[in-house]
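If you're matching positions, the sequence shown starts at 20 in the working numbering and goes up one per residue. We put the beta carbon where it would ideally sit given N, CA and C, even for glycine. Remarks on the structure that follows.
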Amino acid sequence: MIVANNPALKSWVAVPENSDFSIQNLPFGIFKTAGLTPRVGVRIGESVLDLKTLFVLGYLENLPFELSDFDCEYLNPMMKKGKLAVRQLRNRISKLLDTNFTDLQKNQHHVDQVLLDVNNVEMCMPVQIGDYTDFYSSKEHATNVGIMFRDPANALLPNWLWIPVGYHGRASSVILSGQDIHRPKGQIKPNDNEDPIFSPSRQVDFELEMGFITFDGKPLGDSISTSEADDYIFGLCLFNDWSARDIQKWEYVPLGPFLAKNFASSMSAWIVTLDALQPYAVETPNQEPKVLSYLEFEGKKSFDINLQVAIQPENTAETVISNSNFKYMYWNMAQQLAHHTVNGCNIRTGDLMGSGTISGPTEDSYGSMLELCWKGTKPLKMNDGTERRFILDGDTVIMRGYCEANGVRIGFGEVKAKLLAAK
Ligand code: CA
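Structure (structure tokens):
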């Protein structure tokens, strides 16, 4: 077991009950304040640990890191040091925050310098994303979309059960939680029998996804196997892959999504390490037909992460509209990474891989408005009495995720963004 994952650990730093940020989590992010330049931080409870200052004060000695790894506006230099280095770092931080160790705890002068109230910091984009790939790995989601847009009798395309289907997305428009977005404009075709028009999208949707961030991979030409995949995954975040369904429907043939998907994708601020998630690993759903050999895997490669989506209309309380779980994904991350690199494609530190929309088996666990409202035919009732078929201007979409087992909860906080009117 990774020592930082020990469920018996308690911290001398206050952690509220039901907090996502117990001592067993210790996710990484980038923060700044009015007086502090952007730097690496670790979240615990309602506090943020400043790793730059912690390093300067000598608490991170005998680890394979230098000051510039933490005195940085992205996590990339720290991630460059690789899986084992980051594991050692997280174990050291765990020890410094452990109630049984007094090195930091006893030195209030240092504690005052390295522990900040989360309400007094501004979170920044955590990762400089090189490439962004989005998969399409939920069987329920792919089936629902197939039924709505193509043929109920053949909802899954013939390749779907053989290939972790994906496409190359765009990194420039991946944004941090809290940044508002504008309704996209583009070509839509309101009537099948008429020519397309140029218009603000009328069907802006969210996609409930998880993203994973990679370490450096292998040289171009080499592949990463499913058994090696964990060594190349730094951690996970919540991910809302905003989508414009009307633009998507008209443009996606034959090369797949383009402008319907690249206007914005929102990610949560704290990256939860794959290490921290190990206690929540579960079996992947049964795969039939049997996958090709390079996609075979051993052990528990899926994760039990409870996921929730809420819509908050302007000036009123939110309404929870979906409860799903990451464990429903048909293809796991190890298979996605093995498939991504099987042709020799290289991955780099800070690549982002989206899971694809995570829909569960029931109507209240779907991961998009498209499915929840079944192409607009079944509007959702909000707590304020209004209805939604898609996202309206002024709506804030909020996603949350957490794991719980052995009396320990770790989570991702939230990813949220408000949709503003078209520019
Ligand atoms: Ca997507």
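Classify residue i as buried or exposed, calling it buried when 16 or more other Cβ atoms lie within 10 Å of its own Cβ.
i: Arg169; result: exposed
i: Gly230; result: buried
i: Gly413; result: exposed
i: Ile216; result: exposed
i: Leu135; result: buried
i: Glu270; result: buried
i: Gly185; result: buried
i: Leu239; result: exposed
i: Gly386; result: buried
i: Pro26; result: exposed
i: Val67; result: buried
i: Asn260; result: Here residue 260 is Asp; the residue named in the question, Asn, does not match the sequence. With 16 or more Cβ atoms within 10 Å of its Cβ, Asp260 is classed as buried.
i: Leu86; result: exposed
i: Val434; result: buried
i: Asp224; result: buried
i: Trp289; result: buried
i: Gly363; result: exposed
i: Ala357; result: buried
i: Gly77; result: exposed
i: Phe120; result: exposed
i: Thr396; result: exposed
i: Asn344; result: buried
i: Met348; result: buried
i: Ala53; result: exposed
i: Lys125; result: exposed
i: His187; result: exposed
i: Asp370; result: buried
Check whether the Cβ of residue i lies closer than 7 Å to any heavy atom of ligand 1, and answer yes or no.
i: Glu406; result: no
i: Gly373; result: yes
i: Glu159; result: no
i: Thr376; result: yes
i: Asp153; result: yes
i: Glu226; result: yes
i: Asp150; result: no
i: Asp462; result: For residue 462 there is no data in the structure shown, the boundaries of the chain being 20 and 442.
Since residue i and residue j are thought to touch, with beta carbons under 8 Å apart, how far apart are those beta carbons, to the nearest angstrom?
i: Leu195; j: Met98; result: Leu195 to Met98, Cβ: 17 Å. No contact.
i: Ile49; j: Leu94; result: 6 Å
i: Leu438; j: Ile200; result: 6 Å
i: Glu302; j: Lys319; result: 6 Å
i: Gln222; j: Ala263; result: 6 Å
i: Phe47; j: Val32; result: Wrong, their Cβ atoms sit about 16 Å apart, outside the cutoff.
i: Ala436; j: Tyr299; result: About 26 Å; that fails the 8 Å criterion.
i: Ser9; j: Val146; result: Residue 9 is absent from the structure shown; the chain starts at 20 and stops at 442.
i: Ile42; j: Leu116; result: 6 Å
i: Phe431; j: Val291; result: 6 Å
i: Leu293; j: Ile266; result: 34 Å between Cβ atoms; not a contact.
i: Ala440; j: Arg202; result: 6 Å
Requested in this report: Specify whether the region 236-245 and the region 307-322 touch according to this definition: at least 3 beta carbon pairs, one from each stretch, less than 8 Å apart.
Outcome: The region 236-245, when compared against the region 307-322, does touch it at the 8 Å Cβ threshold.
Query - Cβ contact check for the region 98-111 and the region 319-334: 3 or more pairs under 8 Å - result: Touching, no, given that fewer than three Cβ pairs across the two stretches are closer than 8 Å.
Report task. Count the CB pairs spanning the region 152-171 and the region 125-139 that are closer than 8 Å, and state whether there are at least three. Result -> Short answer: they don't touch.
Report task. Could you say if the region 268-276 and the region 392-406 meet the contact criterion of at least three C-beta pairs nearer than 8 Å? Result -> Remark: fewer than three beta-carbon pairs, one from each stretch, lie closer than 8 Å, so the region 268-276 and the region 392-406 are not flagged as touching.
Report task. Only counting runs of 4 or more residues, tell me where the alpha helix (DSSP H) segments fall wholly within the region 286-321, in order along the chain. Result -> Whole alpha helix (DSSP H) segments, 4+ residues: 293-296.
Report task. Ignoring anything shorter than 4 residues or poking outside the region 240-295, list the alpha helix (DSSP H) runs there in chain order. Result -> Within the region 240-295, complete alpha helix (DSSP H) segments of at least 4 residues are found at 264-270, given in chain order.
Query raised in the report: Going along the chain, which unbroken runs of the alpha helix (DSSP H) with 4 or more residues stay wholly within the region 197-242?
Result: Runs of alpha helix (DSSP H) with 4 or more residues, each lying fully within the region 197-242, are absent.
Query raised in the report: Can you give, in chain order, each stretch of the beta strand (DSSP E) that sits fully within the region 99-180 and has at least 3 residues?
Result: Those beta strand (DSSP E) runs which fall completely within the region 99-180 and span 3+ residues are 134-136, 141-143 and 151-154.
**Report entry** Three-pair Cβ contact test at 8 Å for the region 64-82 versus the region 143-163
**Finding:** In short, these stretches do not touch, since the Cβ pair count stays below three.
Query - Segments of 4+ residues assigned as alpha helix (DSSP H) that fall wholly inside the region 360-434 - result: Taking 4 residues as the minimum length, the alpha helix (DSSP H) runs contained wholly in the region 360-434 are 388-391, in order along the chain.
**Report entry** Ranges of the beta strand (DSSP E) found wholly within the region 40-89, counting only runs of at least 3
**Finding:** Runs found: 47-51, 58-63 and 66-69.
Query - the region 373-388 in contact with the region 170-177 per 3-pair CB rule at 8 Å - result: As far as the Cβ criterion goes, the region 373-388 does not touch the region 170-177, which means the pair count is below three.
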